[in-house]
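There are 2 protein chains.
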Amino acid sequence: SVNPDLASERQTPSFSVEKLTAWLDGGAEHTRIRRAVVEAIDRDPVFSRENQYFQSQNERYEAAVRKSVHLQKKMHEMGWTENGPEFKYIYRALSGDIAFLLHRIFMRSISMLGSDKQIAKWIPLASQYQLIGSYAQTELGHGTYLQGLETTAVFDIATQEFILNTPKISAMKWWPGDMGRSATHTVVFAQLYVHGKCYGVHPFIVQIRSLQDHSLCPGISAGDIGPKMNFEHVDNGYLMLQNVRIPRENMLNKFCEVQPDGTYVRRGSQKINYFTMTTVRISLMSDEVITPLMKACTIAIRYSVVRRQSKLEPGEQEAKILDYQTQQEKLLPQLAAAYAFHSINNYLEELFDKGYREIQRRNFDTLPELHAFSSGFKALITQHCTAAVEICLRACGGHGYSSLSGLPSLYTKILASCIYEGENTILLLQTARFLIKCFMAASAGQSVPPSVTYLAAVKPGKCPAKNKLDFLRPDIYTEAYQHMAVRLVSSTAAKLQNLIQSGVKKHEAWNRCTVQLAQAAKAHCHYITVKNFAETVEKLETKAGIQKIMKHLCDLFALHGIFSNAGDFLHDGYISGAQMDMVTASYLDLLPVIRKDAVPLVDAFDFTDKTLNSALGSYDGQVYQRLYEWAQKSPTNKQMSPAYERYLKPLLHNTLSKL
Amino acid sequence: SVNPDLASERQTPSFSVEKLTAWLDGGAEHTRIRRAVVEAIDRDPVFSRENQYFQSQNERYEAAVRKSVHLQKKMHEMGWTENGPEFKYIYRALSGDIAFLLHRIFMRSISMLGSDKQIAKWIPLASQYQLIGSYAQTELGHGTYLQGLETTAVFDIATQEFILNTPKISAMKWWPGDMGRSATHTVVFAQLYVHGKCYGVHPFIVQIRSLQDHSLCPGISAGDIGPKMNFEHVDNGYLMLQNVRIPRENMLNKFCEVQPDGTYVRRGSQKINYFTMTTVRISLMSDEVITPLMKACTIAIRYSVVRRQSKLEPGEQEAKILDYQTQQEKLLPQLAAAYAFHSINNYLEELFDKGYREIQRRNFDTLPELHAFSSGFKALITQHCTAAVEICLRACGGHGYSSLSGLPSLYTKILASCIYEGENTILLLQTARFLIKCFMAASAGQSVPPSVTYLAAVKPGKCPAKNKLDFLRPDIYTEAYQHMAVRLVSSTAAKLQNLIQSGVKKHEAWNRCTVQLAQAAKAHCHYITVKNFAETVEKLETKAGIQKIMKHLCDLFALHGIFSNAGDFLHDGYISGAQMDMVTASYLDLLPVIRKDAVPLVDAFDFTDKTLNSALGSYDGQVYQRLYEWAQKSPTNKQMSPAYERYLKPLLHNTLSKL
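Chains as they are written, first to last, in full-length UniProt numbering: chain A, 1 to 659; chain B, 1 to 659.
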């Protein structure tokens, strides 16, 4: 019962879908494990997301808690552990629709920042969910600038306690997940005061709800911050503290301690924590950003071969909308981006694993580079993928706008990734700071980290491409990206220098360059993404047609980037107007080539219908049937319109006699 | 009690805010009338949108119906009429949050397509809401391509009835507003069959619900299509027809009629209907697209002078985020766009009024040009404003993502404007078809409509700007836009010709050029928008500082467009790389200039707090206070977490003894 318009797309793929799936998973064994996890979860009715689009915030929250509690049982039953190979597939299979994610951060922060004694006390309780933890850092008035946090923790020698307070409304903790309704405990970040002196922000374990009846503890005001664009299942919360007293032992004291007499002691290096924040950005990418884009591509592309509209030629049958160049131009670059970002993400994950091992050996040399990587790529990938999901949504017309397509929730959720874990503009500027520093160092002949050595090799030159086929050569387009990135970094560095030399204060000069600095950082990450994709394709096994189709996708990703940012490449004449026409021609030529394999390319992502939860993207392509069936389930169709009796009946009452 | 950080922004505006408001309204008298309407509506508790962000789809629908019924009383009470000067302000004051909008289309289609007899029968009933009408055109399987509609209406001579059917699932009517739950009647568009011959799509009045008890009529299946990204207040519906019989008189027969013996008669011109669809696109712009952008700018800019984060210089107070160049670069171009589109919209409204008068005098000459205008500008403005609202949302960080900011609902609603009333890509291609035709005609020395005469005057040349100040000259940048538009139209026309001459079939050649054709259409509309804004500023009275600030906004709009689409201007060297640096410098220089007046510029939009309904955008800037007050009202805070008893209590039960 597969829609014949969809079935025909699967008849002659140019490559083995199964092989590509295995490659995406990192090997056939991973595919097997992943499928076993997905099957177990899809089969279990507690994990069903079937009614998700019809649920209220309350219902979504309750379902998430139910699933999380059930998941513990399930893991035990299935023999899955947090350290086992199945674990990373569980979250993907559940589409992240569970509670207690901040509980994990609560545990992680105690493990990282707590003493052995603190770990021994809290971690066993937390790991058995005998308390529910949260992580209270962000305040109403402060997000990115942690030094500005306003919550206070004053040490009282007499009682050996810290007294925590929310001195003004902007100091209220705001946003922490699991805190609005669930958490019994939280790690509060507050300015530490001892003997009237401020020692900066430190973490404190604070109990906020009774373990007996879940009522708020004395001095605590807390609740849900209300509706958001998405994340209805999460109880993001607020927290006010009024003279809340906690024992001295509740300050996490691996690195800093207040001794009984009020002496403040700092020990060890905090660099490792800094690194933890950095790794979180990378660990998010796969589940929260790239997978959602893969889902959006699956939905939009399957729909685009089932939907027929208008005629390409008079007298013919209506055409599949994916046969229109404009539809191909909307969707196929997003598909290519999904593969490109999957590839760079693999690279980054390896890089960070290696970095982590180095840092454990107390070698912190790579830290600045890794920080620049995590900041810049978090910004580039979240921004690109968010825009891509929006394009997929809009490319499905009215049906894409229906919640039942699954696209609105994918979009409203991925959008948050541009904001959380570091706002993107601020992150790009951190990468830019690293780039400028390295560029200056390289210009002065000093050695720089490997990822930025290219900045030293500024060549003026022109793009050597002579015809449109030359632009299908990875060396040609990778070189173009490199040239462009160097130009943007170097010209911004020059502007910055000029401003400072002309007497503008350093900070003011920096501010006046930030628009261009952010562009330069993006260009750097874009270049590395293209380079990495090309190198990945190069290394692929040639069999099963995978390398060939990946090469097409890599070309498309690269040329789409040049086509869409033409000004950056034309600016200094590295690419001429005539060459840009070749880029455009090659780019547009690629669309119908990749279009032939579009459905196999999304099939390879291997989402089950339950994981996808989309009336447009199902494997069988029975789009209209499913939209109709799902719509009938809407609670709005379960009762007579409530407005009829009250408002419409009086209006319509006397009409019968007049018709 | 205005937040001092906001109050300080209002102290020394460079212009009279009240004068600018009057200009936006089209005169002080209009401002007075608008304010009176807004005040009456803001004061009436039935129209309150206070709890909007907490309501379910059901509650939103019911509130919309209640408001619509109440509005009839209110209009009577206030002496407002549909033809009075107040009418256009009512919808704006209500933020469109009412029902029965399709009822108006139902009436309009009967007035346009019905005979005098039909009008005399249906309009009085409808105008007194003695029936509720809808408009059933779009089907599950067909939107833009009306000829493809699949619903059938077969004439039965024996009974003098039409028999309506939904022959397959894709033929089901889908999306019509007011149809899911409210409507008793609808205008169904169906393929007319007489004696087995198909005469194409025609409109039929069909009763779908009982006037007695609102139950569905025999043969009718109808209901709500379920949740969407927004429009919870609208009961978008589905409709299936199974052998539904309606009298012969129910086919709207001003232009076409089936006579009792089955003879099909066509009379008069249908061009006027075609024109009606065209005008709808323009009439939407103000309320559904430009006003929402003005609201988003108001919210984001007021928030950005109240939010302080990080330091511009060490040792100083934390800076207002609007003092960062990157924040200015996000928001101020959107503010300029709001003014630019307000201006072009005024121009288009006048143009269409004039066109309408011409057409009533049976002069259809301007129709193709007007159609090209309405298609292209609908696409350009909705796309630009949707992107702009998203930028505003993201520029507010986490708080922008909260529904209480008002930005998520503005975004999810304006997004639909890119899809409804003609999908944007298809509309751009219609404009492109007109442009190519005119370009060919102009090249052959034939006369063309006034808006495209510039296509005839292709001058190679270079931009004469010598320094960055030259780019503040409207003649310089308008000329650059014109050159760019001509280049894109002419090069795409050439590509099309080449393909056809090389033997590619006409339709295939067209398809292969559509990506570039859409770009050319956008460039044309962008050029006209810049030109119109510059001319509008030119004509402004110099007093009260309004012309000066509008000139800055016009410059910013134009230069932002060049900066963001640099490749289009650099491609043929019309603007050189060095000149592009001048553009960038002038563009960035404008940001701090306009930043000074940013708050007065949004104050001039004159939204009341109730109309804005935003915790971030209030006139007094008490942002944090309001977020906290509103969050507490969330239904999630009105009861003990439902999940506690069921799921959490068993987990937490034994913890007390362990702590």
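Idealized CB from N, CA, C, for every residue including glycine.
Exercise. Less than 8 Å separating the beta-carbons of A/THR655 and B/LEU211?
Worked result: On the first sequence, position 655 is the one that residue 655 of chain A refers to. On the second sequence, position 211 is the one that residue 211 of chain B refers to. Yes.
Exercise. Is the CB-CB distance between A/GLY223 and A/PHE155 below 8 Å?
Worked result: Working through the first sequence from its first residue, we reach residue 223 of chain A at position 223. Working through the first sequence from its first residue, we reach residue 155 of chain A at position 155. No; because the gap between Cβ atoms is not below 8 Å, this pair is not in contact.
For this session: Could you tell me the boundaries of the alpha helix (DSSP H) in which A/THR611 lies?
Result: Translated into positions along the first sequence, residue 611 of chain A becomes position 611. Note, A/THR611: alpha helix (DSSP H), 609–612.
Problem set entry | contact_flag[the stretch 138–145 of chain B, the stretch 620–639 of chain A] where n(CB pairs < 8 Å) is 3 or more | yes
Exercise. For B/TYR238, is the classification buried or exposed, using 16 other Cβ atoms within 10 angstroms of its Cβ as the cut-off for buried?
Worked result: The residue given as residue 238 of chain B occupies position 238 in the second sequence. Burial call: buried.
Problem set entry | 7 Å Cβ cut-off: residues of chain B touching A/TRP175 | Your numbering for residue 175 of chain A matches position 175 in the first sequence. Result: GLY398.
For this session: Verify whether the separation of the beta carbon atoms of B/TYR587 and B/HIS560 is less than 8 Å.
Result: Position 587 of the second sequence, counted from the first residue, corresponds to residue 587 of chain B. Position 560 of the second sequence, counted from the first residue, corresponds to residue 560 of chain B. In contact: B/TYR587 and B/HIS560 (Cβ atoms closer than 8 Å).
For this session: With A/ASN345 as the anchor, note down where its alpha helix (DSSP H) starts and where it stops.
Result: Residue 345 of chain A sits at position 345 when you count from the first residue of the first sequence. Looking at the DSSP string, the run of the alpha helix (DSSP H) that includes A/ASN345 is 325–360.
Problem set entry | Candidates A/TRP510, A/THR529 and A/ASN363, of which the one nearest A/GLU479 by Cα | Taking the first sequence and counting its residues from 1, the one referred to as residue 479 of chain A is at position 479. Taking only the C-alpha atoms, the option nearest A/GLU479 is A/THR529.
For this session: Enumerate in chain order the residues of its own chain whose CB-to-CB distance from A/ARG454 is below 6 Å, with the five nearest sequence positions on each side excluded.
Result: The sequence position of residue 454 of chain A within the first sequence is 454, counting from 1. The amino acid occupying residue 454 of chain A in the given sequence is Tyr; Arg does not appear at that position. The residues are GLN482.
Exercise. Closest to A/SER134 by CA distance: which of A/ILE157, A/MET277, A/MET179 and A/SER451 is it?
Worked result: One-based indexing of the first sequence puts residue 134 of chain A at position 134. Checking every option, the nearest Cα to that of A/SER134 belongs to A/MET179.
Exercise. Residue ranges of each alpha helix (DSSP H) run of no fewer than 4 residues wholly in the stretch 472–546 of chain B, ordered along the chain?
Worked result: 474–501, 506–512 and 514–539
For this session: Would you verify that the beta carbon of B/THR291 is, or is not, closer than 8 Å to some beta carbon of chain A?
Result: Residue 291 of chain B sits at position 291 when you count from the first residue of the second sequence. So no, B/THR291 is outside the interface.
Exercise. What in chain B is Cβ-close to A/PHE54, meaning under 8 Å?
Worked result: On the first sequence, position 54 is the one that residue 54 of chain A refers to. Within 8 Å Cβ-Cβ: GLY226 and PRO227.
Exercise. So the beta strand (DSSP E) B/ALA457 belongs to, where does it begin and stop?
Worked result: The count along the second sequence starts at 1 and reaches residue 457 of chain B at position 457. From DSSP, B/ALA457 is part of no beta strand (DSSP E); its letter is neither H nor E.
For this session: Give a yes or no on whether the C-beta atoms belonging to A/TYR264 and A/TYR193 are separated by under 8 Å.
Result: Stepping through the first sequence from its first residue, residue 264 of chain A is reached at position 264. Stepping through the first sequence from its first residue, residue 193 of chain A is reached at position 193. No, the pair does not count as a contact, with Cβ atoms beyond the cut-off.
Problem set entry | Span of the alpha helix (DSSP H), counted from its first residue to its last, around B/CYS392 | Looking up residue 392 of chain B in the second sequence gives position 392. Where B/CYS392 is concerned, the enclosing alpha helix (DSSP H) stretches over 367–395.
For this session: Measure the CB-CB distance between B/GLU18 and B/VAL599 and report whether it falls below 8 Å.
Result: Locating residue 18 of chain B in the second sequence gives position 18, counting from the first residue. Locating residue 599 of chain B in the second sequence gives position 599, counting from the first residue. No; because the gap between Cβ atoms is not below 8 Å, this pair is not in contact.
Exercise. Candidates B/SER68, B/ASP620, B/VAL486 and B/GLU535: which alpha carbon is nearest B/TYR574's?
Worked result: Numbered from its first residue, the second sequence carries residue 574 of chain B at position 574. Closest by alpha carbon: B/VAL486.
For this session: Check the C-beta distance from B/GLN191 over to B/LEU591 and give it rounded, since I have them as a contact under 8 Å.
Result: If you number the second sequence from 1, residue 191 of chain B lands on position 191. If you number the second sequence from 1, residue 591 of chain B lands on position 591. That belief does not hold up - the Cβ atoms of B/GLN191 and B/LEU591 are roughly 56 Å apart, past 8 Å.
Exercise. Under 8 Å between the Cβ atoms of A/PHE162 and A/PHE204?
Worked result: Here residue 162 of chain A refers to the residue found at position 162 when the first sequence is read from its first residue. Here residue 204 of chain A refers to the residue found at position 204 when the first sequence is read from its first residue. In contact: A/PHE162 and A/PHE204 (Cβ atoms closer than 8 Å).
For this session: Taking B/ASN230 as the reference, give the member of B/LEU496, B/LEU517, B/TYR61 and B/SER1 with the closest Cα.
Result: In the second sequence, residue 230 of chain B corresponds to position 230, counting from 1. Comparing Cα-Cα distances from B/ASN230 to each of B/LEU496, B/LEU517, B/TYR61 and B/SER1, the minimum goes to B/TYR61.
Exercise. Of all the CB atoms in chain B, is at least one closer than 8 Å to the CB of A/GLU288?
Worked result: Taking the first residue of the first sequence as 1, we reach residue 288 of chain A at position 288. By this cut-off, A/GLU288 is not an interface position.
Problem set entry | As assigned by DSSP and simplified to three states, the class of B/MET229 | What you label residue 229 of chain B is simply residue 229 of the second sequence in a count that begins at 1. In the structure shown, B/MET229 sits in coil (DSSP, three-state: anything other than H, G, I, E or B).
Exercise. Of the residues that make up the stretch 555–570 of chain B, which ones have a beta carbon closer than 8 Å to any beta carbon in chain A?
Worked result: ASN565, ALA566, GLY567, ASP568, PHE569 and LEU570
For this session: Kindly indicate if chain B contains any beta-carbon less than 8 Å away from that of A/TRP630.
Result: The residue you call residue 630 of chain A lines up with position 630 of the first sequence. Answer yes: the Cβ-Cβ gap between A/TRP630 and chain B drops below 8 Å somewhere.
For this session: Give a yes or no on whether 8 Å exceeds the smallest Cβ distance from B/GLN160 to chain A.
Result: What you label residue 160 of chain B is simply residue 160 of the second sequence in a count that begins at 1. For B/GLN160, the answer is no, since every Cβ of chain A falls outside 8 Å of its Cβ.
Problem set entry | Length of the line joining the Cα atoms of B/LYS168 and B/THR151 | The residue labelled residue 168 of chain B in the question sits at position 168 within the second sequence. The residue labelled residue 151 of chain B in the question sits at position 151 within the second sequence. For B/LYS168 and B/THR151, the distance between alpha carbons rounds to 8 Å.
Exercise. Taking the alpha-carbon positions, what's the B/LYS271 to B/HIS371 distance?
Worked result: Counted from its first residue, the second sequence places residue 271 of chain B at position 271. Counted from its first residue, the second sequence places residue 371 of chain B at position 371. So the alpha carbons of these two residues sit roughly 11 Å apart.
Exercise. Cβ of A/CYS418 less than 8 Å from any chain B Cβ?
Worked result: As a first step, residue 418 of chain A must be located in the first sequence, where it is residue number 418. Cβ-Cβ to chain B under 8 Å: yes for A/CYS418.
Problem set entry | Local Cβ density within 10 Å of B/LYS505, reported as buried at 16 or more and exposed below that | For the purposes of this step, residue 505 of chain B is taken as the residue at position 505 of the second sequence. The residue is exposed, with fewer than 16 neighbouring Cβ atoms inside 10 Å.
For this session: Answer yes or no: do A/LEU322 and A/ARG595 have a C-beta to C-beta separation smaller than 8 Å?
Result: Your numbering for residue 322 of chain A matches position 322 in the first sequence. Your numbering for residue 595 of chain A matches position 595 in the first sequence. Result yes, Cβ atoms of A/LEU322 and A/ARG595 sit closer than 8 Å.
For this session: Return the CA-CA distance between B/LEU252 and B/THR186, expressed in angstroms with no decimal places.
Result: In the second sequence, counting from the first residue as 1, residue 252 of chain B sits at position 252. In the second sequence, counting from the first residue as 1, residue 186 of chain B sits at position 186. Cα to Cα, B/LEU252 sits roughly 12 Å from B/THR186.
Exercise. Helix, strand or coil: how does DSSP classify B/HIS560 here?
Worked result: Your numbering for residue 560 of chain B matches position 560 in the second sequence. Helix at B/HIS560.
Exercise. Under a CB-based cut-off of 8 Å, is B/SER1 close to chain A?
Worked result: In the second sequence, counting from the first residue as 1, residue 1 of chain B sits at position 1. By this cut-off, B/SER1 is not an interface position.
Exercise. Once you ignore the five residues that flank residue 683 of chain B on each side, which residues in its own chain have a CB closer than 6 Å to its CB?
Worked result: Within the shown structure, residues of chain B are numbered from 1 to 659, placing residue 683 of chain B beyond reach of any answer.
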